[in-house]
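Taking our numbering, the leading residue of the sequence shown gets 43, the next gets one more, and so forth. See below for the structure under consideration.
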Amino acid sequence: MNSILYKVFVCLFYGLCSFGLSFINKWIFAFYDFKFPFILLLLQFVFNAGFSVTYGAFVDNGPKAIWKVPKLTLDGCKSCLIISCTFLSNVSFGVISLTKVSIPVFLAIRRMVTILIYIVDLTYLGKPWKILEFLGVVLITVGGILSAANDFYADYFGYFLVMMNNAATVLHFNLCKSLSQKKPELDAGAQTFYMSLLSIPVLLCLCLFAEDTNSYELFDRAKPFYISLFITTVMGCLLTFSQALCINVNSPIATSVTGNCKDILATIVGLLVFPDVLITPWLLIGLAASLSGAIIYSYSKLLDELQKSSKVK
């Protein structure tokens, strides 16, 4: 049962970190008109790398440590280069696609990540087909589409970009899981450290060439803005680590389902806090379907874990 509780805790940890970062970023975008995602990512990854080095210098880095900071090696850089590329591709496609489609449509198509990972599990990884898992995944996907039923329009290039975002997510999640299995020393903490370090030069270039640096106005803001900026850097660090931890401890599809639950919660909070989120019947039906799917899938995985633990006993 301890193993089950730990896996549930990791999912909750990732979900809360993801929700917290989404909320604070939305807050910065909406109330401070600071719509520059690449500089936010750069600040987060600089903080990631700096925190990892500092943490490793002062905190026990033994085998029982949850956040283990590796020694910087060329082999580690080579091993984590591919997941750094897939992460940056994932982020870049996400940022670009949001300029082409509305947020409801973006979130609707993004929920297809779960069914794409499920297809990969069945076909490429050869995992067994289970009716409850299948039903849960389908409900999550259908619910996402229904929630944005009033917002779809014929921007096929925008849809293509979001699907590329989905493909990058599926690839990134599976590569992170595969890397931790092949090289156990490259766990969540190590992946966070190397991804941050390797992504900083690329993000710096994206800030210089893809965003208007003159519009940042980083040195002429009110104190609450800097507090929000600090919170988003810390939350970004925690999200990168918690996502890698959830992928390694659980699975890519469990991480995706957790992300869907976060999106549902974020939508509900958005209805209450942000004025640009409108309530429609399709939105409510879609949220209910997605939430039902997440519950069914989680119940199916809980049954699997209970069966495994009973066999061990």
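Even glycine gets a Cβ: it sits at the ideal position worked out from N, Cα and C. Keep in mind the model is a prediction, meaning the values are calculated, not measured.
Practice task
Kindly indicate which residue of L348, G328, K343 and S340 has the alpha-carbon position closest to the one of A150.
Solution key: If we check each option's Cα against that of A150, G328 comes out closest.
Handout entry: Classification of I182 by the beta-carbon crowding that lies within 10 angstroms, buried from 16 upward
Key = buried
Practice task
For L203, count neighbouring Cβ atoms within 10 angstroms of its own Cβ and tell me buried if that reaches 16, exposed if not.
Solution key: Buried, by the Cβ-count rule.
Handout entry: Enclosing alpha helix (DSSP H) for D117 [first to last residue]
Key = L116 to L140
Practice task
For S220, collect the residues of the same chain with a Cβ closer than 7 Å to its Cβ; drop the 5 residues on either side in sequence, then sort them by chain order.
Solution key: none
Practice task
Using a Cβ cut-off of 7 Å (strictly closer), state whether I327 contacts chain C.
Solution key: Although the question refers to chain C, the structure presented lacks it and comprises just one protein chain.
Problem - CA-to-CA distance, A91 to L97, given in whole angstroms - result: Checking the sequence, you will find Tyr at residue 97 rather than Leu. Computed Cα separation, rounded: 10 Å.
Exercise for the section: Output yes or no for whether 7 Å exceeds the beta carbon distance between Q285 and Y56. Expected result: yes
Handout entry: Cα-Cα separation between L359 and R152, rounded to whole angstroms
Key = Since the first and last residues shown for the chain are 43 and 355, residue 359 lies out of range.
Handout entry: Buried versus exposed, by CB contacts within 10 Å (16 or more), A99
Key = So A99 ends up on the exposed side.
Exercise for the section: Assign Y195 to one of two classes, buried (16 or more other C-beta atoms within 10 Å of its C-beta) or exposed (fewer than that). Expected result: By the 10 Å Cβ count, Y195 comes out exposed.
Practice task
Within 10 angstroms of the Cβ of Q86, are there 16 or more other Cβ atoms? Answer buried if so, exposed if not.
Solution key: buried
Practice task
Determine the extent of the alpha helix (DSSP H) in which E175 is found, giving its start and end residues.
Solution key: I173 to S189
Handout entry: Contacts around F61, its chain only, beta-carbon distance under 7 Å, and the 5 residues preceding and following it disregarded
Key = K304, L307 and A308
Practice task
Work out the CA separation of K265 and E175 for me, nearest whole Å.
Solution key: 47 Å
Problem - 7 Å CB neighbourhood of I125 in its chain, flanking five on each side removed - result: H214, L217, C218, L221, Q233 and M237
Exercise for the section: Taking only the alpha-carbon atoms, compute the straight-line gap between S64 and K113 and give it to the nearest angstrom. Expected result: 31 Å
Handout entry: Assigned exposure category for F135 - 16 Cβ within 10 Å defines buried
Key = buried
Practice task
Enumerate in chain order the residues of its own chain whose CB-to-CB distance from K142 is below 7 Å, with the five nearest sequence positions on each side excluded.
Solution key: D197, F199, G200 and L203
Practice task
Helix, strand or coil for P358, going by three-state DSSP, please let me know.
Solution key: Absent from the structure is residue 358, since the part of the chain shown begins at 43 and ends at 355.
Exercise for the section: Taking W17 as part of the alpha helix (DSSP H), name the residues at either end of that continuous run. Expected result: As displayed, the chain neither begins before 43 nor continues past 355, which places residue 17 out of reach and without an answer.
Handout entry: Residue nearest to S293 in terms of C-alpha spacing, selected from K110, L167, V276 and F267
Key = L167
Problem - Contact check, N67 vs T274, beta carbons under 7 Å - result: yes
Practice task
Note the first and the last residue of the continuous alpha helix (DSSP H) segment covering A91.
Solution key: P79 to F100
Problem - Environment of F73 [buried if 16+ CB atoms lie within 10 Å] - result: exposed
Exercise for the section: Please name the residue in T156, I46, F129 and L164 whose C-alpha comes closest to that of L25. Expected result: The structure shown has nothing for residue 25, since the chain only spans 43 to 355.
Problem - K219, DSSP secondary structure in three states - result: helix
Problem - Start-to-end residues for the alpha helix (DSSP H) that takes in I159 - result: M154 to T165
Practice task
Kindly give me the distance between the Cβ atoms of V111 and S94, rounded to whole angstroms, as I take these residues to be in contact under 8 Å.
Solution key: 5 Å
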